[in-house]
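>
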Amino acid sequence: MEPLVLTALSTPDRNAETPLTVQFYRDLLEAIRTGRARGQLPSSRAAAAALGVSRNTVNAAYELLRAEGAVVIRPGAAPEILPPAEAGPAMGAAEQSPGPSARGHAWAEERRRSGGGIMAPGHPDEPLFPRDDWAMHLRRASRRRLGGAFAYGEYSGLPALREVLARRLAADRGMQVAPDDILITPGSQASLALLALALADPGDTALVEEPGYPGTRAAFRGAGLSTLPLPVDTEGADVSAAPRARLTYLTPANQYPMGHRLSLRRRAEALDHARISDGFLVEDDYDSEFHWHGREIAALQGSAPERVIALGTAAKALMPALRIGWIVAPPGLAGPLRAAQRNLGLAANVHAQAALAEFMETGRYRAHLRRIAKVYGERGRALAAALRSLPGIEVADPSGGVQIGFRLPEGHEASALTALHAAGFGTAALSDYCLGPPQEGLITGFAEATPDRIARFTATLGRVLAAR
C-alpha cells in the first residue's frame, strides 16, 4: 500500500530534464510547507517502491530536506517532518547561502557508501606497491627539464607516456591506436565526465550496466543525460532490447561489479547497436591487467576503432591515488576532446606521467603486474571458496579484476553491511550499484584478502545469515 504522505506528490517524470531527486525533493518540500504532509516520512525502501525510483534517489532527497530544515533525521528512526512554522529559517534569521543548481544536485546524487576499511571494491594491496622502483623513476622525472610541459603544454599527456601506452595497448589488448589518439586524464571518473560533456547534449540517452559502476551514472546524469539501465547476466550486458543511445557504457573484459565477461554474441550486438544508434560505445578496460581463467579476449576497440572509445587507468595496477587514466579516442575525435579537456582543467600530474612512462618502458611495470596478478588471483579464489561455504551464497571463482560481487538472500543486505563495516571492512552494497529496482547483495575487494581477513569476513557474514 502506498505510504499516505506520498499521495500528496506528483508522479516522477523520468523524461524531464530535472533529475528525479530534485523532483522528489521539491514536491515533498512544497507538501510540507503547505501542510499537506505531516508526521513521518516513509522509509527510503518504501518510498522507492511506491514511486518506482531507486533508494539512492530517495535518500538524496531526504538529505536535501534535512539540509533545508524541513525534516529531522535520527539514526534508526524514520525522518520526522517539522511543522510548517518550524520548517525553514524564521523571519529575521541570518540569510543562508543559495543551494546547488539542479545540475549540481545531479552531480552530487551518487553517494558511494563504503565503510572506508579493508577489502573495499577496487582497492589494490598497498604493501605490494613497488615503492623503491617508483621512487627511483619519480626522482629521475622530477630532475628533468620539461620544456613546454612545465607550464601548459602537452596538457593531454606527455608524448613519452602516450607512445609507450600505444605500443602496450596494441600488443596486449589488440587495440588499433596511435599515440595521438590517446589522452592522459586524472583517472576514469575524469574521463567519463569529459566524454559525457563533450560528446552528448542534455537530454541525450546514455546506457549503463545494471548493476554497474556508480561513477558512470554520476558523470552521465551530471551532464544532463537521460540514463537508462542495461540488464546484466552471465554473458554480460544485454543491448538487445535497448533504445538508441548516444553513449553506451560497458565493461566487457570483466563486468563491474559482477565479474562476467561479455560473450562474443553480445560483443557483436553491442557494436551493431552503436552503429544503428550513430553513437559511441564507451569500453572501460580498467581491470584487463588481471585475468586468470579462460582465454583472454581482445578489447572491443580493436574491432571498431571509429565507434569505440576505450578507457584505462593505473589505479589497480599501482594505486588509485596516482590519479592517472587514459582515453583512446576514435580517429579525428582526439583533437576536439583535447580542447575540451584543456578547458575543463582535467590534466594529470606531469611528474607522475613521466615516471609511469619510464616504469613501463624499462619492463619493471610488466614484472610488477605479473607478481601482483599471481597474488590477487590466489586471494580471489580463496575468498570465493570461503563464501561458497556460507548458506545461500553462490559465487564463481573470479576470472579477473580485484573484487567479487554476489547476491544475498532477501532482507540481509543492510544488516550484513552494518556488521562488516563495524568489523573494519569496506564492503559496498550491491543495491547502490543499481539504477532501477535494487538488487540485494555485497561487493568486496579481494586484493587485500589475506587468510586471516577472509576468515573474519566470512565469520562476520555467516553470523548475519544465521541470525535471520
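Here UniProt numbering is used: the first residue of the sequence shown is 1, the next is one more, and so on. The C-beta atom is built at its ideal place from N, Cα and C for all residues, glycine as well.
1) Considering only residues of the same chain and omitting the five flanking positions on each side of Y213, which have a CB-CB separation below 6 Å?
2) Compare the beta carbon distance of R275 and G236 with 8 Å and say whether it is the shorter of the two.
3) Can you tell me whether A237 is helix, strand or coil according to DSSP?
4) Anyone know if the C-beta pair for L158 and A149 falls short of 8 Å?
5) So if DSSP puts W326 in a beta bridge, which residue, or which two residues, is it bridged to?
6) Per DSSP, what kind of secondary structure is Y155 in: helix, strand or coil?
7) Beta carbon of P398, beta carbon of A414: below 8 Å?
8) In chain order, which continuous runs of the beta strand (DSSP E) of length 3 or greater are located wholly inside the region 258 to 286?
9) Got a sec? Which residues, its chain only, sit under 6 Å from A190 by beta carbon, not counting five neighbours each side?
10) For G174, does the three-state DSSP call read helix, strand or coil?
11) Would you call the region 158 to 177 and the region 195 to 207 in contact, with 3 or more CB pairs under 8 Å?
12) If you draw a straight line from the C-alpha of M119 to the C-alpha of E126, how long is it?
13) Closer than 6 Å by C-beta to L207: which residues in its own chain qualify, once you throw out the five before and the five after it? Chain order, please.
14) Under a three-way DSSP split, which group does P19 fall into?
15) Kindly indicate which residue of L161, V164, A218 and E163 has the alpha-carbon position closest to the one of S188.
16) If distances are taken between C-alpha atoms only, which option among F280, L369 and M319 comes closest to P331?
17) Assuming F406 is part of the beta strand (DSSP E), what are its boundary residues?
18) Should the region 62 to 74 be regarded as contacting the region 20 to 36, the criterion being three or more beta carbon pairs within less than 8 Å?
19) By DSSP, does E358 sit in helix, in strand, or in coil?
20) Taking the alpha-carbon positions, what's the R140 to Q301 distance?
21) Quick check: the region 34 to 47 against the region 401 to 410, are there 3 or more CB pairs under 8 Å?
22) Enumerate, from N- to C-terminal direction, the unbroken alpha helix (DSSP H) stretches of 4 or more residues contained entirely within the region 187 to 226.
23) Which partner residues of G441 appear in the DSSP bridge assignment?
24) Please state whether the Cβ-Cβ distance between W326 and L183 is less than 8 Å.
25) Can you grab the Cα-Cα spacing for the pair M360 / V164, in whole Å?
26) Would you kindly work out how many angstroms separate the C-alpha atoms of R379 and F406, rounded to a whole number?
27) May I ask you to report which of helix, strand or coil DSSP gives A373?
28) Once DSSP output is grouped into helix, strand and coil, what is the label at G294?
29) Put A396 into one of helix, strand or coil per three-state DSSP.
30) Go through its chain and collect everything with a Cβ distance to P19's Cβ below 7 Å, but skip five positions before and after it.
31) In whole angstroms, what separates the C-alpha of L262 from that of K316?
32) M319 and P124 - do their beta-carbons sit closer together than 8 Å?
33) When you compare the CB positions of T444 and P186, do they come within less than 8 Å of one another, or not?
34) Buried or exposed: which applies to M91, given that a residue is buried once 16 or more other Cβ atoms fall within 10 Å of its Cβ?
35) Quick check: what's the CA-CA separation for L146 versus A428?
36) With respect to the alpha helix (DSSP H) encompassing L420, which residues constitute its N-terminal and C-terminal limits?
Well, looking at it:
1) The answer, listed in chain order, is Y256.
2) No, these two residues do not count as a Cβ contact at 8 Å.
3) DSSP places A237 in strand when its eight states are reduced to three.
4) yes
5) I184 and G312
6) coil
7) Against a cut-off of 8 Å, the Cβ pair of A414 and P398 comes out as no contact.
8) 280 to 284
9) L346
10) Looking at G174 - three-state DSSP - the assignment turns out to be coil, as it is neither helix nor strand.
11) no
12) Taking the straight line joining both Cα atoms gives about 11 Å.
13) L228, L230, A242, A245 and T248
14) coil
15) A218
16) F280
17) Q403 to R407
18) yes
19) helix
20) 34 Å
21) No contact exists between the region 34 to 47 and the region 401 to 410.
22) 188 to 199 and 214 to 222
23) R407
24) yes
25) 7 Å
26) 16 Å
27) helix
28) Note that G294 scores 47 on pLDDT, short of 50, meaning its location in the model is unreliable and no value can be drawn from it.
29) coil
30) A102, H105, A106, E109 and R221
31) 21 Å
32) yes
33) With contacts defined as CB atoms closer than 8 Å, T444 and P186 fail to qualify as a contacting pair.
34) With a pLDDT of only 42 at M91, under 50, the local geometry of the prediction cannot be trusted, and no value is derived from it.
35) 42 Å
36) E413 to A422
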